[in-house]
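According to the working numbering, the sequence shown holds residues 16 to 230 in order.
See below for the structure under consideration.
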Amino acid sequence: MGAAPHLHGAMEERERQSPSPPREATAQPGDEEVRAQRGSGCSELRQNRRRVLCVALCAVPCILVSALVAVIVLQRPSCSPRPPFSHVCPNAWVGFQGKCYYFSDTKSDWNSSREHCHRLGASLATIETDEEMEFMLRYQRPANCWIGLHRAEGAEHWTWANGSAFSNWFELRGGGRCAYLNGDGISSALCHNEKFWVCSRADSYIHWRKEKYPE
Numbered sequence: 016m017g018a019a020p021h022l023h024g025a026m027e028e029r030e031r032q033s034p035s036p037p038r039e040a041t042a043q044p045g046d047e048e049v050r051a052q053r054g055s056g057c058s059e060l061r062q063n064r065r066r067v068l069c070v071a072l073c074a075v076p077c078i079l080v081s082a083l084v085a086v087i088v089l090q091r092p093s094c095s096p097r098p099p100f101s102h103v104c105p106n107a108w109v110g111f112q113g114k115c116y117y118f119s120d121t122k123s124d125w126n127s128s129r130e131h132c133h134r135l136g137a138s139l140a141t142i143e144t145d146e147e148m149e150f151m152l153r154y155q156r157p158a159n160c161w162i163g164l165h166r167a168e169g170a171e172h173w174t175w176a177n178g179s180a181f182s183n184w185f186e187l188r189g190g191g192r193c194a195y196l197n198g199d200g201i202s203s204a205l206c207h208n209e210k211f212w213v214c215s216r217a218d219s220y221i222h223w224r225k226e227k228y229p230e
């Protein structure tokens, strides 16, 4: 019995002097999982960096193409703004070569006819070309129509209702002071006679062009 304490002490002394076990031997069971998670996180981070790099490399050509398209568009001549109207002539008017014409269905003397046209925002019709003459003769129907050509009492020169001088470019028949369309040309009669009448004015597009781009 006396030798037991001595043996126990010797064993404790041997354990103290024996080398410590390796760190890996004393690792806790969860350490491997922690290391695995750290490795997985690093791998995912690398993958995210690769994705960001790929997106950046793809975005650069798109940006360059967009910039090139913008430069081309800016260098193209700009289109004129859309005119603020849907029809170049009002209802019941007839359009031809930049003008609108209104042929009346009532009769008046020449001065009253001119006033009717003024109220419609126009003047008694002027005729400036052979094509316009043919058009008006075609649309004036069998009836005679006053136009905006007249001369003052005792005057030799004819004037249009808009104030411009007549250049005598067509034949004017008759001895009256106010002109009208007949079946095949232009004649003149006394201004107090009652006839149908025709107004003319520039169409809405011509008005818009003059306001937008004045000469």
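C-beta atoms are modelled at their ideal positions from N, C-alpha and C, and glycine is treated no differently.
Quantities reported herein were computed from a predicted structural model and do not represent experimental measurements.
Residue i - partner residues in DSSP beta bridges
i       : result
Cys-214 : Tyr-117 and Leu-139
Ala-204 : Cys-193
Val-109 : Tyr-116
Presumed contact (8 Å Cβ cut-off) between residue i and residue j, rounded CB distance
i       : j       : result
Leu-164 : Ala-194 : 4 Å
Asn-159 : Asn-106 : About 25 Å separates the two Cβ atoms, so there is no contact after all.
Gly-200 : Glu-186 : 7 Å
Cβ-based neighbour list, residue i, same chain, cut-off 7 Å, excluding 5 preceding and 5 following
i       : result
Pro-37  : Any reading at Pro-37 must be qualified, since the residue scores a pLDDT of 48, below 50, and its modelled position is unreliable; the value itself is stated next. Cβ within range, chain order: n/a, list empty.
Trp-125 : Trp-161, His-165, Cys-193 and Cys-206
Trp-108 : Cys-115, Tyr-116 and Tyr-117
Asn-208 : Asp-124
Nonlocal neighbours in the same chain, by C-beta distance under 8 Å from residue i, ignoring five residues either side
i       : result
Glu-39  : Residue placement at Glu-39 is poorly supported in this model, since its pLDDT is 46, which falls under 50; the coordinates still yield a value, given next. If we look at Glu-39 and ignore the five residues flanking it on each side, it has no Cβ neighbours.
Glu-147 : Phe-111, Gln-112 and Lys-114
Proximity test, Cβ basis, 9 Å: residue i and chain D
i       : result
Pro-105 : Here chain D cannot be found, since the structure has a single protein chain.
Same chain only: Cβ atoms within 6 Å of residue i, ignoring 5 sequence neighbours per side
i       : result
Val-103 : Gly-110, Asp-218, Ser-219 and Tyr-220
Ser-119 : Phe-211 and Trp-212
Cys-132 : Ser-138, Leu-139 and Cys-214
For the region 113 to 199, which segments carrying the alpha helix (DSSP H) assignment without a break, of at least 4 residues, lie completely within its bounds, in sequence order?
Runs found: 125 to 134 and 145 to 154.
Please determine if the region 104 to 114 and the region 206 to 220 are in contact, where contact requires at least 3 C-beta pairs separated by less than 8 Å.
yes
Looking at C-beta atoms only, is the number of pairs between the region 172 to 190 and the region 141 to 154 that lie closer than 8 Å three or more?
Touching, yes, given that three or more Cβ pairs across the two stretches are closer than 8 Å.
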